[in-house]
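Chains as they are written, first to last, in this note's numbering: chain A, 13 to 815; chain B, 17 to 500.
By construction, the Cβ of each residue, glycine as well, lies at the ideal position given by its N, Cα and C atoms.
Here's the structure, in structure tokens; my notes come after.
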Amino acid sequence: MKFPFPLLLLGLVTPLAAAVDFNHQIVPLLRKHCGECHTGSKLKGGFSLNDRSALLHGSENGPVVAPGNPEKSLLLELVATADRDQRMPPKGDGLSAAEVSLLRQWIAEGLPWEAGFAFQAPAYEPPLKPRAVTLPPAVAGRDHPVDRLVDAYLAKHNLPRPPPASDSTFLRRAHLDLIGLLPTPEEVKAFLQDPSPDKRTRLVHTLLARDPDYAEHWLTFWNDLLRNDYGGTGFITGGRRQISQWLHEALLTNKPFDQFARELIAPAGDESRGFSDGIKWRGEVSAGQTVEIQFAQSLGQSFLGLNLKCASCHDSFVDRWKLDEAYGLAAIYAEKPLEVHRCDKPVGRTAKASWLFPELGNVDPEAPRAERLRQLAALMTHPDNGRFSRTLVNRLWHRLMGRGIVHPLDAMQSEPWSADLLDALANHFQQTGYDVKRTLAHLATSQIYQARSEVLRGDANAPVFPGPRAKRLSAEQFVDAVWTLTGTAPQKMDAPVFRVPPDPAAGSRLALTGQWIWGQPPANAKARPEGDPFLFRTEWKLAAEPVSGAAILTGGESYTLYLNGRKITGSDRGEHVAALPLHDKLKAGSNQVVILAKPGARSPAAGVYFQAEVRLADGTVATLQSDATWQFSPGGNAGREGRLGALPKNVQPVVVVDPLPSRVQGLARQGPALLAQGRGSDGRMVRASLVKSDFLMRSLGRPNRDQIVSMRPDELTTLEALDLANGQTLTRALEQGAAGLAARTWASSGALITYLYTRTLARPPSPGELRAAAELLGPQPTAPAIADLLWALLMQPEFLYVH
Amino acid sequence: MYPLLDPHAPPAIVRRDFLKQLAAASAAAWSTGVPQAVRANSAPVVHPPAKAEACILLWMGGGMAAPDTFDPKRYLPFEKGLEVARMLSTFPAIDTVVDGVKICQGLEHLAQVMDRATLLRSAVQPDLGSILHSRHQYHWHTGYVPPQTVACPHLGAWMAKVLGPRNPVMPPFINIGQRLEGVGESEELKAFTTAGFFGAEFGPLNLPFPEEAAVSVRPPPGMDAGRFANRDRLFRQLVDANPDRDRMSDYQRQSLLRSMDNAYRLLSSKEREAFDLTLEPPEVQARYDTGRFGRGCLLARRLVEAGARFVEVTTEYVPFLHWDTHKDGHETVARLHREIDRPIATLVRELEARGLLERTLVIIASEFSRDAMMEGRPGSTANDQATFKVDTLSEMAHYGLHRHFTGGTSVVMFGGGTKRGYVHGRTADERPLLAIQDPVTVMDLHATIMTAMGISPKTEFSVEGRPFYVTEDGKGRPVRELFA
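See the structure below:
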């Protein structure tokens, strides 16, 4: 048996009647034997004894000490047990008998604790509510709020102010950051020659006003963050749903971010459900990955920058989140009572719906699901939820400056390198009405955004901000650049989106040609089970493959559309007019069109309306509309996993009906403009963000969107470099581009080189660059030589990074 | 009863190894700038001494029927009216060079090398409630059942990450024979054919067509060596002539140039020849060339000789094709016998002749087995996916093992320190053909494979503040009896 330290020995010698000395006996004992794992930010087994309340709280299993009752105190049992596997601490010789006695006495005395004592200062806890920030005074005329805060920060940390970036660096950076496209040579020339002092600010606003280009660039960011894609796991089994159309439109119209979040958390229709619905795998999944728990994880990560993954299986060992808190969120989403599981085993209690920050209010666990989700959405976007706005502005800052104010972005529990900056930006964001574009403009018009990026020599992870940092070109930006340079963009996109917003002017030239149809069940039909939908069908034969087009649909109490047996869209609100793109859902030949619509008690014969128009690959236009030729069956099988069930054999002609006036008006108001979207093709190049990932894009870091991704890898790997060196896709594109360039007339090879430098780097070549390139090209540049110069340019660090 | 002292308490509470190496609760744990931060654990994990330097996984994608390959049961030939309930194997058994060990007719070449083999007949898969091939494949290749909160790395990526390359010029992880575009479930396949959170540096070089492998390590088609060198030289000249060159000297630029260097080096190296099957003598090519898979085996041998760490060769998973027989099982498997038999036997013999077999672990495996009647295993709720749900046979298309069976399957291993001429475990002789002796889970099979490669089954990396282990939660235990 080991003898305790002399100090403790002295303590032991005193009569037992004397009280335990917390400061001199208990503190050293606990620190020595327990501190490494259970104080400060350490929470092994979910247990901390950093301060008295933590000690009393206990571990995930509940209290470990019963004040006044040593025999009921687990802590005592653990330090004293002979079972080596169970004993605490796990390493070393453990507590001596004397030390155990001390603890026993301490517990018996009710755990006296020095007031205010904690073993370590509590870990940083980020604030919840917005915090007013007093802006420091402007320095040297830089009175932009961001600059005032950054100047104060740099001064405080004795960091030099980075000088401004050159015009061409700034031009290229703003283009790539805000719309993801390289500036054209004309744009380069105009900008470099523009003498006005506010040209940079005007550039920012001009770029942000290019709505479609903006939307299709930021689609990549949001697809990553909301785990959305046009292909991926779960699509073949119907376990995953896209939000592409809704998302693209939200970006096109710069939907306010609070509304955006509310529509994702409490979706009104199918179009924005895909994020909160998660990915449902066929069969059994572990308790920590059910769609309900995925909901909690996704919500936490995307909107709050929190990691609830640990807390999905047990109280987190690395931060404050508890199993019940993750389950609380999950229970809001759950359709049935949700049994709490720890490490995949049920613990015997049901999760109670609750929100993570009850200071703002809470969700009513008794409310029906739709209402619970609405309440959650309101709490998430509550004006006092500063975390919501801070998380988003931090992401936007990262996009533009190369590193977050809190970094990594999904570690929002960490301390920012400037709380003032983060809070001021969050406040500004809220004050604009959660306007993302205005916030981007706010950031991009600051001087610091226009400064030269830092030269990263030392620790890339040091939590200081010396200035903007260069960012690696995303896969989509790279591919867009290649397509632009070489003219090899595809003709068709995969994303089921309209590239133009609803167009009332174009709509006014479009007639509604369909009829409202319904069905008359046979008089002798058995009483149908309530809720069985009516099924309407027709066949649509197309002479060639569709290239573009749209359909609109509305009707019933609720409706669902199936094309060729696959569920496409639907709505629980029959009066909603759905618009869907058709370039990717139909084929040449016969197409089966099926609508399931539920009759309502209130509007039994509401009628269904459908109209579609497609432009085919052979140049012709085909149309389809609901009319008397369609067929009706009283009772359709909605099938499963997104596939239509077997079609009923009982078929009759539809009945043309007079629909409710409100429905007619709704259709007349919205229908034509929505349908006209299918006609819109403004001649812009298809963007990489609108097509499915391929080898080249995967090589360049486009992620498999099975998990949420908020930051992509910053470095090019060897395998990626290999693909760039000899991959088929890039090689073919360069060959084609080079052929096109070789066919043009150039004043000299120098002119060609200058054109290429301007196109790729927004600047003319230096004499050394000109010389090297001219040497390879020779006086009569051939296509292969041009292709090689193109490649060499595309591999330049200056090209692959946004400086 | 105090839960902590309860032997039936959830394992997480009493798991000591995890308690030892917890990451600090701060951004420091994550702040490497990499999206999914990876940090080698700080407390030392003791790696076992390696028995193998390289690993070749011969993947029978689609569910290889054990009773029709390595675990023959009672055989009944096709005849009209035969009850499906009586069918166990559709091939008779043949002797091998190991006394008392039989495998199926059609695998005569493999029968001659079973004295170099360890035949595990009791590998088992979890019952996931529904059979989705790619889910079981994901589980087999990463050790984790999807969905997962992080992107899980493939076995090959683990080896690449922990062991590094054998030859720095060669990609450590190479995947042969599987198309990842344009085939069913390709998205699900891609989900596990990845280095996951380790980052693309440890990902696979994908070579779906072995005969075209040489192309992947050559300059682009149409570009000769001279032009390729000139292009690379121009690239470097332009880097050097950049007017802001000094300001851009930083780690981003350095790492980019390093990757470009590595790629260029491979594309101009001698090691490239390993990818070129035409450099092999014709008589050797002929021994392997039963089709794409056979050619892949030859390529695997060459790549391992040139220094690859992990090579997977698959017969290719395509839903309803090849091993994934939902009808015509017997005839399809007869064809697959021909495709795999001679090449695998030749691979084993040639590795042996080159003195490489001892230190190369060769594995034949599949995501589960098949049965004539049972889907999943007894008690499973899995949907019956056989094309013909008949009770008696009336045509040849009905004759075969057309349902997925997860209760017991065969894994064959050669080399890498495994026993020679040894059978481990067994399955029942009557339906259900469950593993009834020495069942080995995927987790323990992985622990065995990793142990052979010199990687502790408890090896972990910290990702998003969570320790992530090479075997599920670090619980994998190697099956010692499989090693000599």
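Member of the options whose CA lies at the smallest distance from the CA of residue i
i          : options                                           : result
Leu-708(A) : Phe-59(A), Val-418(A), Ala-733(A) and Val-666(A)  : Ala-733(A)
Thr-757(A) : Thr-730(A), Gly-780(A), Pro-793(A) and Gly-739(A) : Pro-793(A)
Leu-773(A) : Pro-207(A), Ala-493(A), Asn-170(A) and Arg-252(A) : Ala-493(A)
Glu-121(A) : Gly-690(A), Leu-812(A) and Pro-79(A)              : Pro-79(A)
Leu-115(A) : Pro-138(A), Asp-97(A), Val-91(A) and Tyr-136(A)   : Val-91(A)
Tyr-345(A) : Glu-383(A), Ala-299(A), Pro-715(A) and Glu-296(A) : Glu-383(A)
Trp-495(A) : Met-697(A), Gly-286(A) and Thr-581(A)             : Met-697(A)
Ser-53(A)  : Ala-135(A), Leu-87(A) and Ser-520(A)              : Ala-135(A)
Ala-590(A) : Asp-225(A), Val-467(A) and Leu-565(A)             : Leu-565(A)
Val-676(A) : Ala-795(A), Glu-747(A) and Gly-619(A)             : Gly-619(A)
Thr-730(A) : Leu-712(A), Glu-275(A) and Arg-717(A)             : Leu-712(A)
DSSP three-state assignment for residue i, whether helix, strand or coil
i          : result
Leu-204(A) : helix
Cys-313(B) : helix
Cys-120(B) : strand
Arg-185(A) : helix
Leu-161(A) : helix
Ser-47(B)  : Confidence at Ser-47(B) is low in this model, with a pLDDT of 34, below 50, so the placement of that residue should be treated as unreliable; the coordinate-derived value is given next. It is coil, neither helix nor strand.
Gly-481(B) : coil
Val-112(A) : helix
Gly-345(B) : helix
Trp-75(B)  : strand
Lys-816(A) : Outside the shown range of chain A, which is 13 to 815, sits residue 816(A), and nothing can be said about it.
Leu-636(A) : strand
Asp-387(B) : strand
Lys-553(A) : strand
Phe-430(B) : strand
Pro-684(A) : helix
Trp-230(A) : helix
Asn-222(B) : strand
Ile-291(A) : coil
His-440(B) : strand
Asn-191(B) : strand
Any non-hydrogen atom of the ligand ZN closer than 7 Å to residue i Cβ
i          : result
Ser-570(A) : This structure lacks the ligand ZN; in fact it carries no ligand of any kind.
Contacting residues, own chain, Cβ-Cβ under 7 Å from residue i (five flanking each side not counted)
i          : result
Gly-49(B)  : At Gly-49(B) the pLDDT is 31, less than 50, meaning the model places this residue with poor confidence and gives no usable figure here.
Gly-355(B) : The question names Gly, yet the displayed sequence has Glu at residue 355(B). Closer than 7 Å at Cβ, skipping near neighbours: Thr-306, Gly-307, Phe-309, Gly-310 and Thr-331.
Val-199(B) : Val-334
Gly-219(A) : Before going on, a small fix: residue 219(A) reads as Leu here, not Gly. Excluding sequence neighbours, Leu-219(A) sits near Ala-186, His-187, Leu-190 and Ile-191.
Phe-329(A) : Leu-55, Lys-56, Gly-58 and Cys-322
Own chain, CB closer than 6 Å to residue i, minus 5 neighbours either side, in chain order
i          : result
Met-413(A) : Pro-480
Pro-829(A) : Any property of residue 829(A) remains undetermined from this structure, which presents chain A solely from 13 to 815.
Residues near residue i in its chain [Cβ-Cβ closer than 8 Å; skip 5 each side]
i          : result
Ser-232(B) : Leu-221, Leu-223 and Phe-291
> Do three or more CB pairs link the stretch 433-444 of chain B to the stretch 129-140 of chain B at distances below 8 Å?
Replying inline: Judged by Cβ distances under 8 Å, the stretch 433-444 of chain B makes contact with the stretch 129-140 of chain B, as three or more pairs qualify.
>> Any contact between the stretch 327-340 of chain A and the stretch 296-314 of chain A? By contact I mean 3 or more CB pairs, one from each, below 8 Å.
In response: Per the Cβ contact rule, the stretch 327-340 of chain A is in contact with the stretch 296-314 of chain A (3 or more Cβ pairs under 8 Å).
> Are three or more beta carbon pairs between the stretch 416-428 of chain B and the stretch 385-400 of chain B nearer than 8 Å?
Replying inline: Cβ pair count under 8 Å is three or more, so yes.
>> Assess contact between the stretch 255-275 of chain A and the stretch 229-238 of chain A, defined as three or more Cβ pairs (one per stretch) separated by less than 8 Å. Is contact present?
In response: Yes, the stretch 255-275 of chain A is in contact with the stretch 229-238 of chain A.
> Taking the runs of the alpha helix (DSSP H) that are 4 residues or longer, which of them lie wholly in the stretch 236-268 of chain A?
Replying inline: Note on the stretch 236-268 of chain A: whole alpha helix (DSSP H) runs with a minimum of 4 residues are 256-264, in chain order.
> Any chance the stretch 583-590 of chain A sits against the stretch 566-575 of chain A, with 3 or more Cβ pairs inside 8 Å?
Replying inline: Look at the beta carbons and you see the stretch 583-590 of chain A touching the stretch 566-575 of chain A: at least three pairs across the two are nearer than 8 Å.
> Which ranges would you report for the beta strand (DSSP E) in the stretch 396-456 of chain A if only whole runs of at least 3 residues count?
Replying inline: Here no run is fully enclosed.
>> Ignoring anything shorter than 4 residues, give me the alpha helix (DSSP H) runs that lie fully in the stretch 246-293 of chain B, in order along the chain.
In response: Positions of the alpha helix (DSSP H) runs, each at least 4 residues long and wholly inside the stretch 246-293 of chain B, are given as 267-283 in order along the chain.
> Does the stretch 799-806 of chain A come close enough to the stretch 740-760 of chain A that 3 or more CB-CB pairs lie under 8 Å?
Replying inline: Yes, they touch.
> Is there contact between the stretch 372-381 of chain A and the stretch 286-298 of chain A, where contact requires at least three CB pairs shorter than 8 Å?
Replying inline: Under the Cβ criterion (8 Å, minimum of three pairs), the stretch 372-381 of chain A does not count as touching the stretch 286-298 of chain A.
> Do the stretch 660-669 of chain A and the stretch 519-532 of chain A touch if we need at least three Cβ pairs shorter than 8 Å?
Replying inline: Contact holds between the stretch 660-669 of chain A and the stretch 519-532 of chain A, because three or more Cβ pairs, one in each stretch, are under 8 Å apart.
>> Quick check: the stretch 94-111 of chain A against the stretch 149-158 of chain A, are at least 3 beta-carbon pairs closer than 8 Å?
In response: Result no; under three Cβ-Cβ pairs closer than 8 Å.
> Contact between the stretch 311-326 of chain A and the stretch 398-408 of chain A: three or more CB pairs below 8 Å?
Replying inline: With contact defined as three or more Cβ pairs closer than 8 Å, the stretch 311-326 of chain A and the stretch 398-408 of chain A are in contact.
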